[in-house]
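Which chain is which? The protein sequence lines are A and B, in order.
The first sequence begins at 1 in our numbering and counts up one residue at a time.
The second sequence begins at 1001 in our numbering and counts up one residue at a time.
Using N, Cα and C, we set each Cβ at its ideal position, and we do this for glycine too.
2 protein chains.
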Amino acid sequence: MKLSNGVEWALHSCVTLSQSRAPVRATRLAELHGIPQAYLAKHLQALSRAEIVHATAGQVGGYTLTRPAASVTMLEVVQAIDGTEPAYRCTEIRQRGPLAVPAEQCERPCAIARAMAAAQEAWYRALAAVSIADLAAAIDTDSDGTAMADVRRWLAGSRH
Amino acid sequence: MKLSNGVEWALHSCVTLSQSRAPVRATRLAELHGIPQAYLAKHLQALSRAEIVHATAGQVGGYTLTRPAASVTMLEVVQAIDGTEPAYRCTEIRQRGPLAVPAEQCERPCAIARAMAAAQEAWYRALAAVSIADLAAAIDTDSDGTAMADVRRWLAGSRH
DNA sequence: TCAACTCGGATAGAAAGTATCCGAGATCAT
DNA sequence: ATGATCTCGGATACTTTCTATCCGAGTTGA
Chain A
1 MKLSNGVEWA LHSCVTLSQS RAPVRATRLA ELHGIPQAYL AKHLQALSRA EIVHATAGQV
61 GGYTLTRPAA SVTMLEVVQA IDGTEPAYRC TEIRQRGPLA VPAEQCERPC AIARAMAAAQ
121 EAWYRALAAV SIADLAAAID TDSDGTAMAD VRRWLAGSRH
Chain B
1001 MKLSNGVEWA LHSCVTLSQS RAPVRATRLA ELHGIPQAYL AKHLQALSRA EIVHATAGQV
1061 GGYTLTRPAA SVTMLEVVQA IDGTEPAYRC TEIRQRGPLA VPAEQCERPC AIARAMAAAQ
1121 EAWYRALAAV SIADLAAAID TDSDGTAMAD VRRWLAGSRH
């Protein structure tokens, strides 16, 4: 089980966007984080499709958060990049083989699928409990309150 | 994020093995579940390497559980097949770019990595709380107490 | 001692993730 | 109003992982 690499970039990008009301170009986000510009753009598209960010075209275009950072959860971002399909998908092998269970007895998911779904739900809950604003605050605390100010300063001076 | 297909087969196979003290051949497990024999064998190797099952060679060989089913958790099986690496791996992009954080300030994982680790831990905890014996009992209940007896009967008559 | 059966690792093919490019659309200066 | 420039968006190659399979090494029982 591996999570797409773009999840990390998307989360950092959202934290950065939370520090700016003005649109931020994909190129600048990539430069700030030291990551491939073209590939990050693809992931930003996914965030745009999920309506987490809003894309503005044109010379002063770029990306902005559509909602306050406190109302955007990590889960939304992860699902926007990685998809909403659960990690475990039951192929109903109980309905196959010599001891196959009749289909009419399989309305309820199989016990294994239920346990996996419960685990996934626990994962979802943990991610839904943390917002982009929470992340920004935690990163700020880790740096003794300088990190986000530095980001804001860098963003303000980036439009040359 | 997608979980390997073999996880489902491994879990069902462990439940089946919990119903037999005698070794069960990989061919029989595949036949019972209606799945590719050769590919299941590869996953059983992983279970063997993790010492969840014991492989016996020879004419009356096959696989058996090494421990009581009540002491084998879903988490162990999932990790044996899928590996123990966490789904999210931080690439430390905070140490890159124009606002790079000095390495000496990065002893603690970044806030995003911490939140992801907490979510993964919740997932682990949910899986560790369910044993193979629990699964067997739940499957039995779903079938009004006939499923496991049917499995035992089929296993007893399978060595022709 | 021999024969038959088992598991185990090494080997091809398919799918998904990774990385990139160029075109459609919009904005600002002229 | 017009044109040039800059933006995002989807379509296109490449790499890695997962999927599926085969044949050899080792063991058991007759």
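query: What is the DSSP secondary structure of serine 71 of chain A, counted as helix, strand or coil?
result: helix
message: Spatial neighbours of histidine 1160 of chain B within its chain, please: C-beta separation below 7 Å, excluding the five flanking residues on both sides.
response: Note that histidine 1160 of chain B has pLDDT 45, beneath the 50 cutoff, so the model's placement of it is unreliable and no number is given.
query: What does glutamate 8 of chain A touch in chain B if you count any residue whose Cβ is under 9 Å from its own?
result: Tyr1088, Arg1089, Cys1090, Thr1091, Ile1093, Ile1112, Ala1113 and Met1116
message: The alpha helix (DSSP H) that contains valine 1060 of chain B, what's its start and end?
response: Unbroken run through valine 1060 of chain B: none, as it is neither H nor E.
message: Please report the straight-line C-alpha distance between alanine 117 of chain A and leucine 135 of chain A, rounded to a whole angstrom.
response: 27 Å
field: Reference alanine 1129 of chain B; option with closest CA among B:Asp1142, B:Val1072 and B:Ala1080
entry: B:Val1072
task: With a cut-off of 8 Å on the beta carbons, I'd call leucine 99 of chain A and leucine 1044 of chain B a contact; round off their distance for me.
output: About 19 Å; that fails the 8 Å criterion.
- request: Let me know the secondary structure DSSP gives serine 1131 of chain B once reduced to three states.
  value: strand
- prompt: Within the 9 Å Cβ cut-off, does arginine 1021 of chain B reach chain A?
  reply: no
query: Which chain A residues are close to leucine 943 of chain B, counting only those with a beta carbon under 7 Å from its beta carbon?
result: Outside the shown range of chain B, which is 1001 to 1160, sits residue 943 of chain B, and nothing can be said about it.
message: If distances are taken between C-alpha atoms only, which option among B:Pro1023, B:Arg1025 and B:Ile1093 comes closest to alanine 30 of chain A?
response: B:Ile1093
- request: Please report the Cβ distance between valine 53 of chain A and leucine 40 of chain A, rounded to the nearest whole angstrom; I am assuming they are in contact, meaning their Cβ atoms lie under 8 Å.
  value: Valine 53 of chain A to leucine 40 of chain A, Cβ: 12 Å. No contact.
- prompt: Grouping DSSP H, G and I as helix and E and B as strand, with all else coil, what is leucine 44 of chain A?
  reply: helix
task: With DSSP collapsed to three states, give me the class of leucine 1155 of chain B.
output: helix
- prompt: Hey, out of A:Ala156, A:Ser4, A:Gly157 and A:Leu155, whose CA is closest to glutamine 176 of chain A's CA?
  reply: It is not possible to answer for residue 176 of chain A, since the shown part of chain A is limited to 1 through 160.
- prompt: Does the pairing of the region 138-152 of chain A with the region 7-22 of chain A give three or more beta-carbon distances under 8 Å?
  reply: yes
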